[in-house]
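Below is one structure, written out as structure tokens, with a few remarks after it.
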Amino acid sequence: MLKKILIGIVILAIVAVASMVLMIGYANKIKGSNEKILTSKNESPKKALIIFQPSLSDVTSLMANSIAKGLNDEGYEVTLNYPEKDLKYDISKYSIVIFGSPNYAGKPLTIVTDYMSKIKDFSSKKIIVFSTGADASKKDELEIMEKSLNGTKPYKKAKFLSSSKKESESKAYNLGKELSKE
828 MLKKILIGIV
838 ILAIVAVASM
848 VLMIGYANKI
858 KGSNEKILTS
868 KNESPKKALI
878 IFQPSLSDVT
888 SLMANSIAKG
898 LNDEGYEVTL
908 NYPEKDLKYD
918 ISKYSIVIFG
928 SPNYAGKPLT
938 IVTDYMSKIK
948 DFSSKKIIVF
958 STGADASKKD
968 ELEIMEKSLN
978 GTKPYKKAKF
988 LSSSKKESES
998 KAYNLGKELS
1008 KE
């Protein structure tokens, strides 16, 4: 009887690990361009760029769009897109650059950190990194994202909880508004 229980536990563990590997592998794939531009009503607006990889639950997309709305409501033109294999944007045209990633197993997705590490010069930019996940006390993924900035310190780091979407959405929107004023 004990042998059957142990075999069952081992099988469950294998299935859990395999599921996690497949889930992370799927989430970490290049999604292709999904550019969205929130235009400003201002004549010569400041510009912000948000590069993020959507999570399986779309919480990361919701947070990226909420930050963008906060910035846009304060007059910024905001470009949102997914990371791609090659650098598509001239970072020098943006005063704020934001990177976002879901957190799986305590780490950001490599598609985001690889994209970040390709950018060599962040001078005179407000760089913000954010992650989404279930555990507010764990923020290791933000440190990993910071290391991908080639020595640049982010202006802000933020973690949004997937368990409280409405509260996190409000915090993300307020972050966008706050960034526009600083």
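Numbering (this note's numbering), first residue to last: 828 to 1009.
Beta carbons: idealized from backbone N, C-alpha and C, even for Gly.
Bear in mind that the values here come from a model prediction, so they are computed numbers and not experimental data.
Quiz item: So what does DSSP say about residue 999, is it helix, strand or coil?
Solution: Taking the sequence shown and counting its residues from 1, the one referred to as residue 999 is at position 172. DSSP, reduced to helix, strand and coil, places residue 999 within a helical segment of the structure shown.
Self-check item: Anticipated Cβ contact below 8 Å, residue 939 with residue 910, distance rounded
Solution: Position 112 of the sequence shown, counted from the first residue, corresponds to residue 939. Position 83 of the sequence shown, counted from the first residue, corresponds to residue 910. The pair is a contact, with the Cβ atoms about 6 Å apart (cut-off 8 Å).
Quiz item: Would you call the CB atoms of residue 893 and residue 1000 closer than 8 Å?
Solution: Walking along the sequence shown from the start, residue 893 turns up at place 66. Walking along the sequence shown from the start, residue 1000 turns up at place 173. Residue 893 places its beta carbon less than 8 Å from that of residue 1000.
Exercise. Note down the Cα distance separating residue 1006 from residue 971, rounded to an integer number of angstroms.
Key: Within the sequence shown, the letter at position 179 stands for residue 1006. Within the sequence shown, the letter at position 144 stands for residue 971. Distance between the alpha carbons of residue 1006 and residue 971 is about 22 Å.
Quiz item: Per DSSP, which one or two residues make a beta bridge with residue 931?
Solution: Translated into positions along the sequence shown, residue 931 becomes position 104. Residue 931 pairs with 934.
Quiz prompt | Under 8 Å between C-beta atoms of residue 995 and residue 890 | solution = Here residue 995 refers to the residue found at position 168 of the sequence shown. Here residue 890 refers to the residue found at position 63 of the sequence shown. When the beta-carbon positions are compared, residue 995 and residue 890 come within less than 8 Å of each other.
Quiz prompt | Cut-off 7 Å between Cβ atoms - residues of its own chain near residue 857, not counting five sequence neighbours on either side | solution = In the sequence shown, the residue the question calls residue 857 occupies position 30. Correct list, in chain order: 911, 912, 938.
Quiz item: Can you name, in chain order, every residue of its own chain whose Cβ lies under 6 Å from the Cβ of residue 873, other than the five neighbours on each side?
Solution: Taking the sequence shown and counting its residues from 1, the one referred to as residue 873 is at position 46. Within its own chain, the residues whose Cβ lies closer than 6 Å to the Cβ of residue 873, once the five positions on either side in sequence are excluded, are 903, 922, listed in chain order.
Quiz item: Three-state secondary structure (DSSP) at residue 954?
Solution: Taking the first residue of the sequence shown as position 1, residue 954 is located at position 127. Looking at residue 954 - three-state DSSP - the assignment turns out to be strand.
Practice problem: Output yes or no for whether 8 Å exceeds the beta carbon distance between residue 958 and residue 928. | Solution: Along the sequence shown, one-based indexing puts residue 958 at 131. Along the sequence shown, one-based indexing puts residue 928 at 101. Going by C-beta atoms, residue 958 is nearer than 8 Å to residue 928.
Quiz prompt | Continuous beta strand (DSSP E) stretch holding residue 986: start and end | solution = One-based indexing of the sequence shown puts residue 986 at position 159. Residue 986 -> beta strand (DSSP E) spans 983-988.
Quiz item: If you count every other CB in all the chains shown that lies within 10 Å of the CB of residue 968, and 16 or more means buried, which is it?
Solution: Sequence index remark: in the sequence shown, residue 968 carries index 141 (1-based). Under the 10 Å beta carbon count, residue 968 is surrounded by 16 or more other beta carbons and is classified as buried.
Exercise. Can you say whether residue 899 is buried or exposed, counting buried as having 16 or more other CB atoms within 10 angstroms of its CB?
Key: Position 72 of the sequence shown holds residue 899. Residue 899 is buried by the Cβ-count criterion.
Quiz item: Grouping DSSP H, G and I as helix and E and B as strand, with all else coil, what is residue 906?
Solution: Within the sequence shown, residue 906 is the residue found at index 79, counting from 1. Strand, per DSSP.
Quiz item: residue 920 to residue 835, Cα distance in whole Å?
Solution: The residue you call residue 920 lines up with position 93 of the sequence shown. The residue you call residue 835 lines up with position 8 of the sequence shown. For the pair residue 920 and residue 835, the Cα-to-Cα distance works out to about 57 Å.
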